[in-house]
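Line by line, the protein sequences give chains A and B.
Counting with full-length UniProt numbering, you get residues 1 to 357 for the letters of the first sequence.
Counting with full-length UniProt numbering, you get residues 1 to 357 for the letters of the second sequence.
Where is the CB? At the ideal position from N, CA and C, for every residue including glycine.
Working notes, structure below.
There are 2 protein chains.
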Amino acid sequence: MTENRKPTLAVVGATGAVGTVMLGILTERPDVWGEIRLVASARSAGKVLRVRGEDVVVRELTPEVFDGVDVAMFDVPDEVSAVWAPIAAERGAVAVDNSGAFRLDDEVPLVVPEVNGAAARNRPKGIIANPNCTTLTMMDALGALHEQWQLTELVVASYQAASGAGQPGVDRLYDEIAVVAGDRTLGSAAGDTAKVVSEKLGDDSPFPAHLVLNVIPVAGSLKDDGWTSEELKVRNESRKILGIPDLKVSATCVRVPVQTTHSLAVHATFARPVSVTEATAALEAAPSVEVRDDLANGVFPTPATTVGGDPTVVGRIRQALDFPNTLDLFVTGDNLRKGAALNTAQIAELVAAELTA
Amino acid sequence: MTENRKPTLAVVGATGAVGTVMLGILTERPDVWGEIRLVASARSAGKVLRVRGEDVVVRELTPEVFDGVDVAMFDVPDEVSAVWAPIAAERGAVAVDNSGAFRLDDEVPLVVPEVNGAAARNRPKGIIANPNCTTLTMMDALGALHEQWQLTELVVASYQAASGAGQPGVDRLYDEIAVVAGDRTLGSAAGDTAKVVSEKLGDDSPFPAHLVLNVIPVAGSLKDDGWTSEELKVRNESRKILGIPDLKVSATCVRVPVQTTHSLAVHATFARPVSVTEATAALEAAPSVEVRDDLANGVFPTPATTVGGDPTVVGRIRQALDFPNTLDLFVTGDNLRKGAALNTAQIAELVAAELTA
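Quick look at the structure:
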């Protein structure tokens with residue numbers, strides 16, 4: 001690549017929920033990329049989308065679309081990434097993949113720029129993986145704490161938003177809210193809300209139960225020994241990103257009726273004693289972390305106040321009363337931004353900086 | 001009391017959210033009590049409520065209302081119980097109190113009949129306390145596991161329903177759902193839902209933020225070192241009920257947009273090795289516990305399927321992958337029934353059985 005040319009970017013999966021947020025993020029950072037190609041399945045090809053104030057026609061996903069591309073971002077299902085990220089890499093692009101296809105591959109770095117950005121340079125397959133959104137929600141905060149006090153154990157319960165299941169998840173939540181609104185008897189007898197929702201909307205939902213007036217202790221698919229794919233991702237991806245192969249992790253992943261922004265109740269144990277004051281200072285100093293923690297004055301993080309922003313917002317920072325070297329905290333992060341599009345854009349920018357250096 | 005007379009019951013706080021559920025429970029168990037007196041504040045006195053198929057006029061709370069009463073149930077604010085439960089006891093009634101006023105009093109037993117029912121007999125003040133609803137949600141399940149494997153550590157994250165804040169909490173949630181329904185842009189930008197809710201409903205809410213399309217990591221009031229009253233209740237009441245004064249507990253209590261039924265993600269460590277198979281068998285054998293745990297066939301607990309029923313429903317039972325002797329599970333229980341009215345009724349029935357024995 002010549003030094004004068006800005007790198008070319010391809011966005012694969014441009015028409016999805018994360019793709020839509022990505023176009024906004026690329027528009028907010030207009031100076032990084034030269035050409036931006038938008039790519040999607042044949043079904044969406046030909047659509048016109050707006051990025052950086054310009055209309056761009058969506059191209060069909062083909063091998064040739066990657067010719068001349070420096071970085072190709074993928075936000076598509078695992079099986080699509082598994083086939084197409086290597087094709088992009090073969091054609092000379094660095095593939096930044098937000099699917100689960102390569103995250104635990106030893107030859108693919110799993111990167112959170114603020115935590116392990118240097119790992120992005122070692123990519124023997126030409127592929128860099130972007131972590132799962134639930135894991136990403138807490139990585140900036142935990143990375144900052146781990147650096148000083150060495151994380152050893154993690155017990156996590158999640159409050160995951162509908163948009164983690166993409167636009168169909170958001171649509172379903174809004175549809176369900178619309179059909180229950182006005183009926184003040186719902187939610188007080190088993191199955192009554194399910195009946196109304198099922199009668200009005202049918203049972204074709206991205207979720208395994210209705211989400212309105214409910215929480216669902218299932219995200220992802222069932223894996224060995226009763227654990228879900230989402231819960232195992234939190235464990236395995238946290239270990240890889242933080243570089244702690246023996247980190248002890250238990251996660252329970254739960255879907256809640258929130259549009260966008262995941263929340264996590266985190267119980268984190270460290271090798272060394274840590275106080276709330278020290279931890280708060282470390283979090284405040286961390287890039288991409290914001291502390292909102294003054295309960296006496298009504299200051300605490302919620303998904304509704306975090307959504308749409310870049311930082312991970314942390315609050316309810318408490319020293320565990322009975323567990324040594326342990327903090328309890330509540331962490332929120334926009335699952336479509338830092339949890340997906342933003343982190344992918346940040347990784348792509350690391351590569352862009354490297355290519356133009 | 002003569003053997004032929006059935007005991008007389010007073011229900012103080014009969015017109016509240018828990019009181020309403022209590023009248024239903026008393027109607028389902030019509031043979032326990034002789035006279036049932038309904039009691040409330042002067043504002044509600046004179047109202048007519050239905051119990052056991054009969055209309056009963058609500059009486060005003062006065063010392064004289066307890067004359068001739070054998071058991072007086074209280075579901076009123078802490079400060080009302082603090083004054084009136086001792087008055088009822090002085091007049092000869094056994095007070096069964098669902099407030100926080102006496103729960104940690106050494107001379108007041110804190111009782112879950114299936115777990116420590118015998119403790120109800122030792123009541124030097126004539127008062128028996130009913131635990132907090134969040135603690136109660138998991139006590140039947142944890143009691144059964146503790147009996148066999150000896151509980152040592154507990155990390156809990158809650159998903160608490162609006163009705164934990166009484167009827168005003170339920171009304172506010174329904175009101176908020178009504179004002180956001182139909183607007184599909186809400187929930188994707190910080191503060192947008194809050195603005196609509198505040199404009200249409202004002203900010204006079206039992207919750208410290210809007211609950212629709214949100215979760216709120218605050219329940220109860222702020223206590224020392226950033227912990228909330230609700231989180232400390234989970235710790236201190238679990239220790240007292242289970243008789244484990246040094247039980248290690250960390251809880252994060254979070255309100256979710258569910259009408260009724262609290263859910264808990266529980267990470268429980270025991271002194272002895274325990275398998276999922278053994279734990280499931282113990283839970284299935286426990287009174288008042290139901291296991292719904294077959295994720296492969298879509299069987300798991302949710303608040304919407306547990307609400308309105310008596311049992312604690314447990315699922316997602318997993319052996320922790322990295323923590324010895326530890327189970328992760330998801331527990332749901334109707335916070336107005338087992339979490340409040342039902343447990344109070346069960347305690348009152350223990351006393352009734354004792355008085356008529």
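Near ARG302/B, what residues of its chain come up, given a Cβ to Cβ distance below 8 angstroms and the 5 sequence neighbours on each side ignored?
Residue 302/B sits at position 302 when you count from the first residue of the second sequence. The sequence shown places Thr at residue 302/B, not Arg. These residues qualify, in order along the chain: SER263 and THR332.
Does TRP227/A get closer than 8 angstroms to chain B when you measure Cβ to Cβ?
Your numbering for residue 227/A matches position 227 in the first sequence. True, the Cβ-Cβ gap to chain B drops below 8 angstroms.
Could you compute how far the alpha carbon of GLY197/A sits from the alpha carbon of GLU176/A?
On the first sequence, position 197 is the one that residue 197/A refers to. On the first sequence, position 176 is the one that residue 176/A refers to. Inspection of the sequence shows that residue 197/A is occupied by Val rather than by Gly. Rounded to the nearest angstrom, the two C-alpha atoms are 6 angstroms apart.
Where ASP75/B meets chain A, residues with beta-carbon distance less than 7 angstroms
The count along the second sequence starts at 1 and reaches residue 75/B at position 75. The contacting residues do not exist; ASP75/B stays about 17 angstroms from chain A at best.
Separation of PRO7/B from ALA352/B, as counted between CA atoms
As a working mapping, residue 352/B is identified with position 352 in the second sequence. As a working mapping, residue 7/B is identified with position 7 in the second sequence. Each residue's Cα considered, the two are about 6 angstroms apart.
Run the CB neighbour count on GLY298/A, radius 10 Å, all protein chains shown included, and call it buried at 16 or more, exposed below.
One-based indexing of the first sequence puts residue 298/A at position 298. GLY298/A is exposed by the Cβ-count criterion.
Pick helix, strand or coil for ASP224/B, following the three-state DSSP scheme.
Here residue 224/B corresponds to residue number 224 of the second sequence, with the count starting at 1. Looking at ASP224/B - three-state DSSP - the assignment turns out to be helix.
Name the chain B residues that come within less than 8 angstroms of ASN335/A, Cβ to Cβ?
The residue given as residue 335/A occupies position 335 in the first sequence. Those within 8 angstroms of ASN335/A in chain B number zero; the least Cβ separation is about 11 angstroms.
Which same chain residues end up closer than 8 angstroms to VAL48/B when comparing Cβ atoms and leaving out the 5 residues on each side of it in sequence?
Here residue 48/B refers to the residue found at position 48 when the second sequence is read from its first residue. If we look at VAL48/B and ignore the five residues flanking it on each side, its Cβ neighbours are ASP55, VAL56, VAL57 and VAL58.
Could you tell me how far apart the beta carbons of VAL234/A and THR305/A are, in whole angstroms, since I believe they sit closer than 8 angstroms?
The count along the first sequence starts at 1 and reaches residue 234/A at position 234. The count along the first sequence starts at 1 and reaches residue 305/A at position 305. Incorrect: roughly 23 angstroms between the Cβ atoms, too far for contact.
Return the residues of the segment 283-309 of chain A that lie within a Cβ-Cβ distance of less than 8 angstroms from chain B, sorted by chain order.
ASP293, LEU295, ALA296, GLY298, PHE300, PRO301, THR302, PRO303, ALA304, THR305, THR306, VAL307, GLY308 and GLY309
Can you give the Cα-Cα distance for LEU283/A and ARG29/A, rounded to whole angstroms?
Translated into the one-based positions of the first sequence, residue 283/A becomes position 283. Translated into the one-based positions of the first sequence, residue 29/A becomes position 29. LEU283/A and ARG29/A: Cα-Cα distance of roughly 25 angstroms.
Exposure label - SER81/A; buried when at least 16 CB within 10 Å:
By one-based count along the first sequence, residue 81/A stands at place 81. So SER81/A counts as buried.
Following the continuous alpha helix (DSSP H) through LEU201/A, name the residue where it begins and the one where it ends.
Working through the first sequence from its first residue, we reach residue 201/A at position 201. First-last of the alpha helix (DSSP H) with LEU201/A: 192-201.
Suppose you measure from the CA of ALA285/A to the CA of GLY187/A; what does that come to, to the nearest Å?
Within the first sequence, numbered from 1, the residue matching residue 285/A stands at position 285. Within the first sequence, numbered from 1, the residue matching residue 187/A stands at position 187. Computed Cα separation, rounded: 43 angstroms.
Exposure label - ASN122/B; buried when at least 16 CB within 10 Å:
Taking the first residue of the second sequence as 1, we reach residue 122/B at position 122. The residue is exposed, with fewer than 16 neighbouring Cβ atoms inside 10 Å.
HIS267/A: first and last residue of the uninterrupted beta strand (DSSP E) it sits in
Taking the first sequence and counting its residues from 1, the one referred to as residue 267/A is at position 267. Unbroken beta strand (DSSP E) run through HIS267/A: 262-270.
Per-residue burial, ARG37/B [other beta carbons within 10 Å of its own, 16 or more giving buried]
Position 37 of the second sequence, counting from 1, holds the residue named residue 37/B. Buried: at least 16 other Cβ atoms inside 10 Å.
Please list the partners that PRO273/A has in chain B, where partner means a Cβ-to-Cβ separation under 9 angstroms.
For the purposes of this step, residue 273/A is taken as the residue at position 273 of the first sequence. In chain order: nothing, as chain B lies at least about 15 angstroms away.
Could you name the residues that DSSP lists as bridge partners for TYR174/B?
Reading the second sequence from its first residue, position 174 is the one you call residue 174/B. Partner(s): none; TYR174/B has no beta bridge.
Can you tell me where the beta strand (DSSP E) holding THR312/A begins and where it ends?
Here residue 312/A refers to the residue found at position 312 of the first sequence. 312-319 is the span of the beta strand (DSSP E), which, as asked, contains THR312/A.
Can you tell me whether SER250/A is buried or exposed, with buried defined as 16 or more other CB within 10 angstroms of its CB?
For the purposes of this step, residue 250/A is taken as residue 250 along the first sequence, with counting starting at 1. By the neighbour-count rule (16 or more Cβ atoms within 10 Å), SER250/A is buried.
Rounding to the nearest angstrom, what Cα-Cα distance links ASP294/A and HIS210/B in this structure?
Counting from 1 along the first sequence, the entry for residue 294/A is found at position 294. Counting from 1 along the second sequence, the entry for residue 210/B is found at position 210. About 18 angstroms.
Taking one C-beta from the segment 250-261 of chain A and one from the segment 163-177 of chain A each time, how about it: are there three or more such pairs within less than 8 angstroms?
yes
Element boundaries [alpha helix (DSSP H), containing VAL234/A]
By 1-based counting over the first sequence, the position of residue 234/A is 234. Its alpha helix (DSSP H) spans residues 229-242.
Completely contained beta strand (DSSP E) runs for the segment 63-112 of chain A, where each covers 3 or more residues
71-74 and 94-97
My understanding is that PRO311/B touches GLU278/B, with C-beta atoms under 8 angstroms, so please give their C-beta distance in whole angstroms.
One-based indexing of the second sequence puts residue 311/B at position 311. One-based indexing of the second sequence puts residue 278/B at position 278. Actually they do not touch by this definition, with Cβ atoms about 20 angstroms apart.
Chain A residues whose Cβ lies nearer than 9 angstroms to that of THR252/B:
As a first step, residue 252/B is located in the second sequence; it is residue number 252 there, counting from the start. Within chain A, the residues near THR252/B are ALA157, ALA265, VAL266, HIS267, ARG316, ARG318, ASP328, LEU329 and PHE330.
Contact criterion: CB-CB distance below 8 angstroms. Does PHE207/A meet it with respect to chain B?
To locate residue 207/A, count along the first sequence from 1; it is residue 207. Taking Cβ atoms only, chain B never reaches closer than 8 angstroms to PHE207/A, which makes this a no.
If you draw a straight line from the alpha carbon of GLY191/A to that of VAL115/A, how long is it in whole angstroms?
On the first sequence, position 191 is the one that residue 191/A refers to. On the first sequence, position 115 is the one that residue 115/A refers to. Distance between the alpha carbons of GLY191/A and VAL115/A: 45 angstroms.
In chain B, what lies closer than 7 angstroms to PHE323/A by C-beta?
As a position in the first sequence, residue 323/A is number 323, starting the count at 1. Result: LYS248 and SER250.
With 16 other Cβ atoms within 10 Å as the buried cut-off, status of ALA265/B:
For the purposes of this step, residue 265/B is taken as the residue at position 265 of the second sequence. ALA265/B should be labelled buried.
When you compare each of GLU153/B, PRO206/B and VAL276/B to LEU173/B by their alpha carbons, which one comes out closest?
Here residue 173/B refers to the residue found at position 173 of the second sequence. Residue PRO206/B is the option with its Cα nearest to LEU173/B.
Beta-carbon of VAL18/A versus every beta-carbon of chain B: anything under 8 angstroms?
Here the question's residue 18/A lines up with position 18 in the first sequence. Answer no: the Cβ-Cβ gap between VAL18/A and chain B never drops below 8 angstroms.
Look at VAL112/B and ASP75/B and say whether their C-beta atoms are less than 8 angstroms apart.
In the second sequence, counting from the first residue as 1, residue 112/B sits at position 112. In the second sequence, counting from the first residue as 1, residue 75/B sits at position 75. No; because the gap between Cβ atoms is not below 8 angstroms, this pair is not in contact.
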